[in-house]
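Read in order, the letters of the sequence shown are residues 20 to 189 in the numbering used here.
We treat Cβ as the ideally placed atom computed from N, Cα and C, and that holds for glycine.
Data first, discussion second: the structure below is written as structure tokens.
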Amino acid sequence: MSDALNKTETLKNSETMALGIVLERRKGASPWAEWVWRPVSVIPGAPPVDGPRRLLREGEGWAQFHAATLPLELFRSDTEGYKLNLSQEPPRLWVVLRPDETGEPGGVVPFVVTASAHECEAYQVSGVETVETVPMPPEVTALVRDFTEQHHVDVPFVKRERKRHFPKQG
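Structure representation (structure tokens):
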């Protein structure tokens, strides 16, 4: 186990960590989009956001906001997706974004954050949401790795025998 957990402490069947989602707004390069929004990082253990967004920093043509605090939820049933993610260099978090229907044109609202390579696929095929990745901070990596090591069970592949539609002719 990593330093994130005491060696005698065991993880529950599910774990949750609050993550602040940092969105960056940049000037658009297209005449159809004045601004382009995308997630750039997460803040582990961040408090909830008061109001729509909190400005963190800005520069010429860009600004970064703490847009939302979402739970990163880890489940025993999805350790295969976490294991796949942890095998990549670097591991990533997927942030699912939905169009902001209440405010800024072209704006987005963070909806879900996940460490599962499999869960993000479901959102990518829906066509409604946008899925972007951000680097996984070391403390989140430690939690995901410890959780996966404790709960992952390899399931052997078993090839099924095909059913015959017609009896064998002999």
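Three-state class that DSSP yields for residue i in the structure shown
i      : result
Gly39  : strand
Ala141 : helix
Ala161 : helix
Asn25  : Here the model assigns Asn25 a pLDDT of 47, short of 50, so the residue's position is not dependable and the matter cannot be decided.
Glu120 : coil
Arg44  : strand
Val172 : coil
Met20  : Residue confidence for Met20 is low, a pLDDT of 43 falling below 50, so the modelled location carries little weight; the figure read from the coordinates is stated next. If DSSP states are grouped into helix, strand and coil, Met20 belongs with coil.
Paired residues, beta bridge with residue i - DSSP
i      : result
Trp113 : Thr133, Thr152
Arg181 : Paired residue(s): none; Arg181 is not in a bridge.
Glu77  : Ala82
Lys102 : According to DSSP, which records beta bridges pairwise, Lys102 is partnered with nothing at all.
Ser94  : Reading the sequence as shown, one finds Phe at residue 94 and not Ser. DSSP lists Ser33 as partners of Phe94.
Thr88  : Gly39
Val68  : Paired residue(s): none; Val68 is not in a bridge.
Val128 : Arg117
For residue i, the first and last residue of its enclosing alpha helix (DSSP H)
i      : result
Glu107 : A small fix is needed here, since residue 107 is Gln in this sequence, not Glu. It is not in any alpha helix (DSSP H) - Gln107 carries neither H nor E in the DSSP assignment.
Delimiting residues of the beta strand (DSSP E) encompassing residue i
i     : result
Ala52 : 52-63
Test: residue i CB closer than 9 Å to a CB of chain C
i      : result
Glu168 : In the structure shown, chain C cannot be found, because there is only a single protein chain.
Could you tell me whether the stretch 53-72 touches the stretch 133-140, using the rule of 3 or more Cβ pairs below 8 Å?
-> The stretch 53-72 is not in contact with the stretch 133-140.
Taking one C-beta from the stretch 73-80 and one from the stretch 149-159 each time, how about it: are there three or more such pairs within less than 8 Å?
-> No: fewer than three Cβ pairs fall under 8 Å.
Should the stretch 30-49 be called in touch with the stretch 82-89, which here means at least 3 C-beta pairs below 8 Å?
-> In short, these stretches touch, since the Cβ pair count reaches three.
Counting Cβ pairs, one atom from each stretch, are 3 or more of them under 8 Å apart for the stretch 93-113 and the stretch 159-171?
-> Two segments are said to touch when three or more pairs of C-beta atoms, one from each, lie closer than 8 Å; by this definition the stretch 93-113 touches the stretch 159-171.
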